Structure formats: structure tokens, C-alpha cells
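Line order of the protein sequences matches chains A and B. Those letters in the first sequence? Residues 9 to 402, per the numbering used here, in order. Those letters in the second sequence? Residues 9 to 402, per the numbering used here, in order. Report on the structure given below.
There are 2 protein chains.
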Amino acid sequence: MVQEIVSAIRSVVGNERVSLHEPSFHGNEWQYVKECLDTTFVSSVGKFVDRFERDLAEYTGASHAVAVVNGTAALHIALKLAGVQPGDEVLVPALTFVATANAVAHCAATPHFVDSDERTLGIDPLKLREYLEATTEQCDGFCINRITQKVIRVLVPMHTFGHPSDLDGLMAIAHDFNLVLVEDAAESLGSYYQGRHTGTFGLLGTLSFNGNKTITTGGGGAILTNDPELARRANHLTTTAKLPHAWEYRHDEIAYNYRMPNINAALGCAQLEQLYGLLEAKRKLFDVSRKAFVNIDGVNFVSEPEGCRSNYWLQTLMLDEDHSYLRDSILQSTNEEGIMTRPAWVLMNELKPYRDCPAMDLSVAESLCSRLINLPSSPKIIIESKGSKLYLSV
Amino acid sequence: MVQEIVSAIRSVVGNERVSLHEPSFHGNEWQYVKECLDTTFVSSVGKFVDRFERDLAEYTGASHAVAVVNGTAALHIALKLAGVQPGDEVLVPALTFVATANAVAHCAATPHFVDSDERTLGIDPLKLREYLEATTEQCDGFCINRITQKVIRVLVPMHTFGHPSDLDGLMAIAHDFNLVLVEDAAESLGSYYQGRHTGTFGLLGTLSFNGNKTITTGGGGAILTNDPELARRANHLTTTAKLPHAWEYRHDEIAYNYRMPNINAALGCAQLEQLYGLLEAKRKLFDVSRKAFVNIDGVNFVSEPEGCRSNYWLQTLMLDEDHSYLRDSILQSTNEEGIMTRPAWVLMNELKPYRDCPAMDLSVAESLCSRLINLPSSPKIIIESKGSKLYLSV
Chain A
9 MVQEIVSAIR SVVGNERVSL HEPSFHGNEW QYVKECLDTT FVSSVGKFVD
59 RFERDLAEYT GASHAVAVVN GTAALHIALK LAGVQPGDEV LVPALTFVAT
109 ANAVAHCAAT PHFVDSDERT LGIDPLKLRE YLEATTEQCD GFCINRITQK
159 VIRVLVPMHT FGHPSDLDGL MAIAHDFNLV LVEDAAESLG SYYQGRHTGT
209 FGLLGTLSFN GNKTITTGGG GAILTNDPEL ARRANHLTTT AKLPHAWEYR
259 HDEIAYNYRM PNINAALGCA QLEQLYGLLE AKRKLFDVSR KAFVNIDGVN
309 FVSEPEGCRS NYWLQTLMLD EDHSYLRDSI LQSTNEEGIM TRPAWVLMNE
359 LKPYRDCPAM DLSVAESLCS RLINLPSSPK IIIESKGSKL YLSV
Chain B
9 MVQEIVSAIR SVVGNERVSL HEPSFHGNEW QYVKECLDTT FVSSVGKFVD
59 RFERDLAEYT GASHAVAVVN GTAALHIALK LAGVQPGDEV LVPALTFVAT
109 ANAVAHCAAT PHFVDSDERT LGIDPLKLRE YLEATTEQCD GFCINRITQK
159 VIRVLVPMHT FGHPSDLDGL MAIAHDFNLV LVEDAAESLG SYYQGRHTGT
209 FGLLGTLSFN GNKTITTGGG GAILTNDPEL ARRANHLTTT AKLPHAWEYR
259 HDEIAYNYRM PNINAALGCA QLEQLYGLLE AKRKLFDVSR KAFVNIDGVN
309 FVSEPEGCRS NYWLQTLMLD EDHSYLRDSI LQSTNEEGIM TRPAWVLMNE
359 LKPYRDCPAM DLSVAESLCS RLINLPSSPK IIIESKGSKL YLSV
């Protein structure tokens, strides 16, 4: 079966070495970046940062976008703005990239790990509701963890590999248990839940433009919100809280140097212009890949949840439970062959720094973790096999 | 006198609008950045990040340099590596940019503000020694603040406007009072104290490559150290503490996403190649500027301290005490005329978030703050007035 899987991947990606996800620069990247260099506006002031924020807001439908240095910084500030205090608990999926938990820790708060839904790969709202009913109580409008006696302040869905979580279910929980919803949409630029862009359902949402993401700014992220005051606060907190003045350097709170530099935003503006085409290529790659696996028993291709449109950031194979023992052989064989694949992240509750954090039963996340394999997902696989740039046109 | 000063500045900078500090791109910036785009290595992996670190180490004489997203992030990590714990106090000058104090706050520690020396614009070691003798005690090898009973863990000299602090005096204090020395060399790339580069005297030192600095990477910073284990830890903590593995995502401590992206490092490599020429231009600008002010009473031009070679990052005017009342008129007139000038930063102990932090008598810093004015300092002022790129050659 391992050899069947390697052959199926080769039938899609060809016989060369292939990485998990490479950026694709076929638009105005050079032109915009060169304009930064020619005008010397490469740093925190410049027209591309402002434009990138406007373009992101327009694309996602959020009222405001604030561009920052990366997705971790975006989530750190979003959590602070959502009211996270030192000592609070924040509900995050155990199945996520470490940045989700780190951003909570950077607020001096504690991540509290919750289980996943096999259908969405995101937080399971039914299981979470039962857990919160059994383990928390409401006190003065706050959700209190009965065991630790701490305030559970925020619920952070993460849209795994670009697939939207069950936002209706999670919004209802946030409402019923007095939790603030903050979406970690680092992986889901271009993913929609019932026609609305992910990252725009919570009080705040966050994006990432790291080099392995659907579009990249080198390093970068953004905070999305529909609240103008939160947008103003996000901008202020990410730019050292400097008060506007012709020459005086006065700052009115402890803040951060998190602003995205103009040269990175220039890349982002060019990338965003090509997003429709990149998403089309990734969707096409999903179709081709799924078909290549259709006759292999014991394995399924992860597809977008019902009612959702996924960006298919990472193409994902899910082994049946009775084939999970093959995961490491598949990873070994593919990587040795020059096909870069990877498993889901080690669950957060299994990492040394987060081992003692509160957690619900995580049996589904544990099962998923033993069965998921990400396959090469670069849009260039489709674009280059087509021998044209057709798929990149908007 | 205000008009005399405006005229003196005009005699140096010409009659156009002139900013405080603009980057100067006359080398391989475009070539290196284009190489990033062509190879798609724009993010956290790539040859320019490694090269920039090697080049910085070679230039400064530090054994190791670790490139990060900005100077604040560099100081944050350096302080953590120096052992700063939540609740500790860290000695920082009141006369500094807010990032110095913010990095302390980001460690959940408290900045403790100390006074400046008019000769260096940095921390005054004689005054600091008297203060520490009067207000601290040694207990089990730690320096304890007698009033707050907290550990004073680290001493952070900042080399104001590029002028080296009295490092001999400060190293002696660190030694005698059991303090770790961490240098905030954000402003002093290219500045030397007794022939040795600033940022290499403490256990760790930090640099900044923000858009207004001597060289820029858009946004960027670096940690310098001679200790290989601290360098390894700095690298680990700034790259999410991920353990090396072909595919597994396992992280062994709470860490940060602070790595400098390759596209920003590409800019840095090109800029560093031109540093000698940029420093030569800035030194020339100092000579020309100082001469323009030589016949104006009541004002002096700040020059490098004895035994030091300064990068002259910002050219600085110092009003005599009996002329300090003119500071705001000078700032007003120059900025209205399109000559960007600025005062020293509002002292840290006067900012709302740091108002209640411990502080010694700050009378010299207060006096300096009322008398310092930074003048336009871009190397291009010299380079363009020469009509050639001569000053940029290494």
C-alpha cells in the first residue's frame, strides 16, 4: 500500500523533487518590490502597507485589516484586544500549529485544549458544549473553569489546513457560555463558511502570510475585525502606541513593534492580485489528487466540509483507523523519495511546555493525528503541468 | 538665533525638503532581492538570512549573530537569555527610545530608570554606582533593590544616537553589583568603543535595522553574543523552539516567531556591503554640520566621546542650558520649513505606562531632553551634494 501511495502522488506531481508548499510569484511582485527600493520606502511607513490592508479588507469582507509581522503577532494582539488577562484560560484546539498556543502563552494566559471533529478537522462544537456544561459555571457573566477556578475568556477555532470549522456551532457556544470568539484563520485565506470569509465571524480574526501559506509576504500576518475601535487599537498596539505628533515621541501604553514593513506588504499586494488564480490551481490540484487515490483502499482524501468552500491550503490524506500503523512508513518512503510530506502537528497537550495545561478528552484529535498526512500542495504543480499561466489570471 | 540655526542647516542640506534619515540603496539591493523572488525563497529559510548573520558577526567581531524581525524582538530575547524573570527589575536609561523599556515589560519585568552622562548621552556610571551603593544590597549573589525587595538582574546601556556609552565604567558596575550586561546597540552599528564594536561588550548585545537606521532591512534586528550556547538558544527561541526532524512538528518550549525573513535579509546583505561608505558619508556630514554651527552662540554639536568612534547615526545639536527655552521654536520653525528635526524622546519615566516604575534622580537626562535636537542625518545629503557615489565605495 505504501508503494501504491507513492505512485499515486508521483502521478500527480511528476518525477522531480517536490516540496510541501512553495510560493508562486507570477504577477507584479518584482514591480512593487522594486518600487519600494527605488523610493526607499521599505520600512514601516509606505503606500503598500496601507494598500495591503485595504485589499485584505476588501477581499475578506472584514471592515478593517491591520498588517503585522506574522500570524503569531496577529493572534497575540487579537487575544489582548479580546480581553485576555494574565491567568485566564483560552480554549484552543489540541490539533493546531504551536503558534495558536504560543500566542495564548504570550498573553501570560493558559491554553485549554479541546477536541476536534473528524468532519471539519476543527473544534467539535457538540463535544465542547457537553464538556463546558459539565466542567464550567457562569459567574457574573464570566465562564469559570470549576477545577482551576480561572476565567475561560476566549474560544479560538483554527481552520485546519484551510478547511473551515463549524462556525455556527462554535458561535452558539461562544454566545451561550460568554466566551469571546477569535478565529485563527492563519491557514484559511480564501476559505469561506456559508459564503462568508473565515476570520470574519469572531470579534477578531487573524491571518498568516508565512512562506508556506497560500500567499506570502516573506513573513507577515494580519488582524481582521469589523469593529473600528478595535481596528484603531490594533494599529496603535502594533506600532509602539505612539501618539500622533509632528516631532514628539510619546507613547501611552506598553505596546509592540509588530507593524509589517512596506517591502513585505509590496509582495503581499502583488500576491493578493493573483489569489483567485492560485485558489483555482489549488482546487484543481485537489481534484486531480483525489482522483489519483480513489482506487486505493484504506485511505481517503480530505475534502471541504459541507456548506464550505476551502482554499485547500494543504492537500491531506486520511488513513482509515486500521491503516494508521502505516503513517510513518508512508512519511518515510515519500520523504526519502524527495516527495515532501508531513503528518499533522504533534498535539499541543503532548508538547513539553503545554503538557500540564487543562484539556478535555482528546480522543478524536489523537486519532486524527495518527492518520493525517499532508501532501505536496504548491499551486505550481498544476500551473507548470498545464504549461501555461492560465490558472493565475484573475 | 532660531533663524540662524535654520540657515545653518540649510547651508548643509540645501533648499529642498529633507527628512531626518532616509535609507540609501546604491549597491546590490535589487540583485539580491530579485534573487529571493526568482528562487521563491522569501521567508524564514534561505541563504541570505544565514549570510547576513555571518556578515554581521564578521563585521562586529561578535562570535555569533542571530537575525530577527526587529530590535525590540532582539532585546526581548536577549533579556530572557540573560535570565530576566517576571518580577525582576532591569536598569535602563530614562533617555532612550521606548523599545528599551518595552522589551523589559515584554519579559514581565520592570524597567528601573537611571540617569545619563552629558559627555556620552549614555548611562552615567559614576552616578549609577553611588545610587546602587545607597539603595541596593547583595544577597546570595543577587543585587536586591532595598525599597522594592526585587532582584535587579540586568543593566542595559543604550548607545544614544550612535555614541558609545562609557562601557568600562558600566562593565565595572555590572561586575561589582552582580548584574548581567546586555547592550542595546540598536542605534550604534558601526560605532566602536576603544576599537571594539558596540554590542560585543555585554553577555549579549542587540542591533536594529529599522528604516531609519544606518542600514535597513525594512524591519529587522539581530542578537550578538560570543557564547555559542546562548547563540544556539537565541536561534531556537526565535524559531518557535522546533526540534530538528525530517517531518515531525515538535517544540520543546514556549517560544517566538521572530526569525528575520530571507527577503529582508537580502536587503541587509546588500546594505552591509556599503556600510563603510555610508559611515564615511555620515562622518563627513558631521564635519560639515559642525562647522556650520561653529559661530552660533548658545549651541554645540554633539561629537563622539573620547576613545570612541561613533557612527554619527543622528546628527545632534545641544543647546546651552540658558537657551533650552528655544528648543520648541527651533523644532517648530525647522519642521514648518520642511527640515525634519526632532527632540530627544520623552523620558521613559514620564510616559504613562512607566510613570510608576522605580527611578533614580534623573536631572541630567531631564536637562539633556530639554536641550537636544536631532538634525537631518541621511548619508545621501553628502553623497548627492558630491554628485557622485564615491562615498559609498567600500
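Beta carbons: idealized from backbone N, C-alpha and C, even for Gly. Source: prediction; values computed, not measured.
Boundaries (first-last residue) of the alpha helix (DSSP H) holding B:T144: Where B:T144 is concerned, there is no enclosing alpha helix (DSSP H), although the beta strand (DSSP E) it sits in stretches over 144–147.
Interface partners of A:M101 on chain B, CB under 9 Å: For the sequence presented, residue 101 of chain A should be read as Pro rather than Met. In chain order: nothing, as chain B lies at least about 14 Å away.
Of the listed residues A:P165, A:R298, A:D184, nearest to A:C147 (C-alpha basis): A:D184
Residue nearest to A:D336 in terms of C-alpha spacing, selected from A:K299, A:C365, A:D364, A:C377: A:C377
Outcome for A:N23 when other beta-carbon atoms lying within 10 angstroms are tallied against a minimum of 16: So A:N23 counts as exposed.
For A:Q323: DSSP bridge partner residues: Beta-bridge annotation (DSSP): A:Q323 is paired with A:L383.
Own chain, CB closer than 6 Å to A:S371, minus 5 neighbours either side, in chain order: none
Meets three-Cβ-pair contact criterion under 8 Å: the segment 46–63 of chain A and the segment 88–95 of chain A: no
Cβ distance (whole Å) where A:Y40 is taken to contact A:C277 below 8 Å: 6 Å
Beta strand (DSSP E) segments (min. 3 residues) lying fully within the segment 106–162 of chain B: The qualifying runs are 118–122, 144–147, 150–153.
The segment 99–116 of chain B contacting the segment 250–267 of chain A, beta-carbon criterion three pairs below 8 Å: yes
Within-8 Å CB hit, A:S124 to chain B: no
Endpoints, the alpha helix (DSSP H) within which B:T47 is located: 37–47
Inter-residue CB distance, A:G198 and A:N272 (contact presumed, cutoff 8 Å): Going by Cβ atoms, the distance from A:G198 to A:N272 rounds to 19 Å, so no, they are not a contact pair.
Residue-level contact to chain B via CB, A:D428, 8 Å cutoff: Any question about residue 428 of chain A goes unanswered here, given that chain A covers just 9 to 402.
Short Cβ contact (8 Å threshold) for A:D174 with A:D125: Yes, the Cβ-Cβ distance between A:D174 and A:D125 is below 8 Å.
Secondary structure of A:H404, DSSP reduced to three states: Absent from the structure is residue 404 of chain A, since the part of chain A shown begins at 9 and ends at 402.
Below-8 Å beta-carbon distance, B:P236 vs any chain A residue: no
The ligand FAD heavy atom lying under 7 Å from the CB of B:L140: Absence of the ligand FAD from the depicted structure is noted, as is the absence of any ligand whatsoever, leaving it without description.
Chain A residues whose Cβ lies nearer than 8 Å to that of B:S52: N218, G219, G227
8 Å Cβ cutoff, B:H34 in contact with chain A: Chain A, which has no Cβ nearer than 8 Å to the Cβ of B:H34, makes this no.
Alpha-carbon to alpha-carbon, B:E329 and B:S375: 8 Å
C-beta neighbour in chain A for B:V41, strict 8 Å: yes
Given 8 Å, three or more beta-carbon pairs between the segment 148–157 of chain A and the segment 68–82 of chain A: Inter-segment contact for the segment 148–157 of chain A and the segment 68–82 of chain A is absent: fewer than three beta-carbon pairs are separated by less than 8 Å.
A:V106 burial status per 10 Å Cβ neighbour count (16 or more: buried): buried
Euclidean distance between Cα positions of B:P387 and B:M348: 15 Å
Those residues which DSSP pairs with A:G213 across a bridge: A:E191, A:L232
Interface flag, A:P361 vs chain B, CB-CB below 8 Å: yes
Outcome for B:H205 when other beta-carbon atoms lying within 10 angstroms are tallied against a minimum of 16: The residue in question, B:H205, is buried, as its Cβ has 16 or more Cβ neighbours within 10 Å.
Proximal residues of chain A, C-beta to C-beta of B:E145 below 7 Å: Correct list: empty, because the minimum Cβ distance to chain A is about 29 Å.
CA-to-CA distance, A:E191 to A:G130, given in whole angstroms: Their backbone Cα atoms lie some 11 Å apart in a straight line.
Endpoints, the beta strand (DSSP E) within which A:V307 is located: Here the beta strand (DSSP E) through A:V307 covers 307–309.
Beta-carbon separation (whole angstroms), A:T224 vs A:Q279, contact threshold 8 Å: Going by Cβ atoms, the distance from A:T224 to A:Q279 rounds to 6 Å, so yes, they are a contact pair.
Proximity to A:E392 [Cα-Cα], best of A:H34, A:E195, A:I13, A:V14: A:H34
Counted within 10 angstroms of its Cβ, other Cβ atoms place A:E409 as buried (16 or more) or exposed: The structure shown does not extend to residue 409 of chain A, since chain A is modelled only from 9 through 402, so no value can be given for it.
Residue-level contact to chain B via CB, A:R62, 8 Å cutoff: no
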